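Under numbering that gives the first Met the number 0, the letters of the sequence shown match residues 0 to 283, in that order. Ideal Cβ placement from N, Cα and C applies to all residues, glycine included. Quantities reported herein were computed from a predicted structural model and do not represent experimental measurements.
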Amino acid sequence: MTVLDAHAHLWTRASTPQPWIDPGSMAAIDRDFGVADLGEAQQAAGIDGALLVQSSNDLRETRDLLALVDGAAVRGVVGWVDLEGDVAQQLEELGGGAGEVPAGLVGIRHLAHQDPDPQWLGRPAVGRGLDALGDLGLPFDLVVLPAQLPLAAEVARAHPGTRFVLDHLGKPPLASGDLAAWRSDLAALGRLDNVVAKLSGLAIEGDWAGWTVDDLREPVEAALAAFGPSRLMFGSDWPLVRLTRGLDAWLEALRTLLGDLSGDERAAVFAGTAERTYLGGPHA
């Protein structure tokens, strides 16, 4: 079965600093990661390719990531543009023609969970940018904290012509163990036809070294109930997954948790949904 990783990161910290990395607790990712590192991890895990996702709200990083698209290890880039600015002009700066999406750019993301304004998604100027993405066929990745999920649903509802992708299932608060509000807010997003979600980055919300498959069962079952397999996609969150027992452990856990699905349903989660969402539009 084809496995397409819908959520991987690469960074060279001289050009794209990662100040959030703590050398003490995050030694496993306290270095640069390039395409060769990603390719080695993919080969070891049986992953056929990945989509790179921005880690900085910086047009220069997106330009650097686009240069790495090779149709093999790297299938495309979920990059960044300033949605409050001239989206078309920025896409031209990234190599697109007039009114066109640059080759390899398959989506846009903004680090809304880190933005100084927790209501950034709701700004009118951002809304105009989201509509511009919809006109271009570019999906927008939602990376939000649990408290921002209601706003994310409000925004997705207000922009039905734009496709939205919820990263990391909205970061369920596994450490607290109280998932009731998160489940309700996730279900509200799941009722919107223009939203899909990534099964990614879950273990990092709990016990990094000691998580078990059962720890992840409730959020995965909630995601299946909210979205169904045809609107879920696998993401490794590599290299951050190295902090949480590694890529093999995450893949094994997810295969176990999805074990009751049909072959077609598993194929959707592990490749089909990502291919349809990111690689099936006019920018493919």
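Query raised in the report: Can you tell me whether DSSP reads A97 as helix, strand or coil?
Result: The residue given as residue 97 occupies position 98 in the sequence shown. Coil, per DSSP.
Query raised in the report: Can you tell me where the beta strand (DSSP E) with L51 in it begins and where it stops?
Result: In the sequence shown, residue 51 corresponds to position 52, counting from 1. Unbroken beta strand (DSSP E) run through L51: G48 to V52.
Query raised in the report: Would you call H282 buried or exposed, if buried means 16 or more other Cβ atoms sit within 10 Å of its Cβ?
Result: Residue 282 sits at position 283 when you count from the first residue of the sequence shown. Note that H282 scores a pLDDT of 40, beneath 50, so its modelled location is shaky; the value from the coordinates is reported in the next line. Looking at its Cβ environment, which holds 16 or more other Cβ atoms inside 10 Å, H282 is buried.
Query raised in the report: If you draw a straight line from the C-alpha of L242 to the C-alpha of E83, how long is it?
Result: As a first step, residue 242 must be located in the sequence shown, where it is residue number 243. As a first step, residue 83 must be located in the sequence shown, where it is residue number 84. Distance from the CA atom of L242 to the CA atom of E83, rounded to whole angstroms, is 34 Å.
Query raised in the report: Less than 8 Å separating the beta-carbons of Y194 and M232?
Result: Working through the sequence shown from its first residue, we reach residue 194 at position 195. Working through the sequence shown from its first residue, we reach residue 232 at position 233. Strictly speaking, residue 194 in this sequence is Val, with Tyr absent from that position. Cβ atoms of V194 and M232: not closer than 8 Å.
Query raised in the report: Distance, Cα to Cα, L297 vs Q41?
Result: Here the chain comprises residues numbered 0 to 283, so residue 297 is not present and cannot be evaluated.
Query - Proximal residues to V284 (C-beta, below 8 Å), its chain only, five neighbours per side dropped - result: The chain is shown from 0 up to 283; residue 284 falls before or after that span and cannot be answered.
Query raised in the report: In or out: P218 buried (at least 16 other Cβ within 10 Å) or exposed?
Result: Translated into the one-based positions of the sequence shown, residue 218 becomes position 219. Buried.
Query raised in the report: Helix or strand or just coil, what does DSSP make of D184?
Result: Position 185 of the sequence shown holds residue 184. It is helical.
**Report entry** beta strand (DSSP E) segments (min. 3 residues) lying fully within the region 117-149
**Finding:** 139-141
Query raised in the report: Apart from the five residues just before and just after A202, which ones in its own chain have a Cβ nearer than 6 Å to its Cβ?
Result: Here the question's residue 202 lines up with position 203 in the sequence shown. If we look at A202 and ignore the five residues flanking it on each side, its Cβ neighbours are W210 and T243.
Report task. Take A151 and list the residues in its own chain whose beta-carbon comes closer than 6 Å to its own, dropping the five residues that flank it on each side. Result -> Reading the sequence shown from its first residue, position 152 is the one you call residue 151. These residues qualify, in order along the chain: L141 and V143.
Query raised in the report: Which residues share a DSSP beta bridge with G33?
Result: Counting from one through the sequence shown, the residue named residue 33 turns up at place 34. Within the DSSP secondary-structure output, G33 pairs in no beta bridge.
Query raised in the report: From this set, P228, A196, Y277 and A248, which residue's C-alpha is nearest L257's C-alpha?
Result: By 1-based counting over the sequence shown, the position of residue 257 is 258. Looking at the Cα atoms, P228 is the closest of the given residues.
Query - G280 versus L3 - alpha carbon distance - result: Numbered from its first residue, the sequence shown carries residue 280 at position 281. Numbered from its first residue, the sequence shown carries residue 3 at position 4. At G280, the pLDDT of 44 sits below 50, so the modelled position is not reliable; the number obtained from the coordinates is stated separately. So the two alpha carbons sit approximately 17 Å from each other.
Requested in this report: Assuming R230 and A186 form a contact by the criterion Cβ under 8 Å, report the distance between their Cβ atoms to the nearest whole angstrom.
Outcome: Working through the sequence shown from its first residue, we reach residue 230 at position 231. Working through the sequence shown from its first residue, we reach residue 186 at position 187. Between R230 and A186 a beta carbon distance of about 13 Å is seen, past the 8 Å cut, so the two are scored as non-contacting.
**Report entry** the ligand PLP heavy atom lying under 7 Å from the CB of P238
**Finding:** Absence of the ligand PLP from the depicted structure is noted, as is the absence of any ligand whatsoever, leaving it without description.
Requested in this report: For R127, count neighbouring C-beta atoms within 10 Å of its own C-beta (all shown protein chains included) and say buried if the count is 16 or more, exposed if not.
Outcome: By one-based count along the sequence shown, residue 127 stands at place 128. R127 comes out exposed.
Query raised in the report: How big is the Cα-Cα spacing for V240 and L58?
Result: Numbered from 1 along the sequence shown, position 241 holds the residue referred to as residue 240. Numbered from 1 along the sequence shown, position 59 holds the residue referred to as residue 58. Roughly 25 Å separates the two Cα atoms.
**Report entry** Separation of S183 from V212, as counted between CA atoms
**Finding:** In the sequence shown, the residue the question calls residue 212 occupies position 213. In the sequence shown, the residue the question calls residue 183 occupies position 184. Approximately 22 Å, taken between the alpha carbons.
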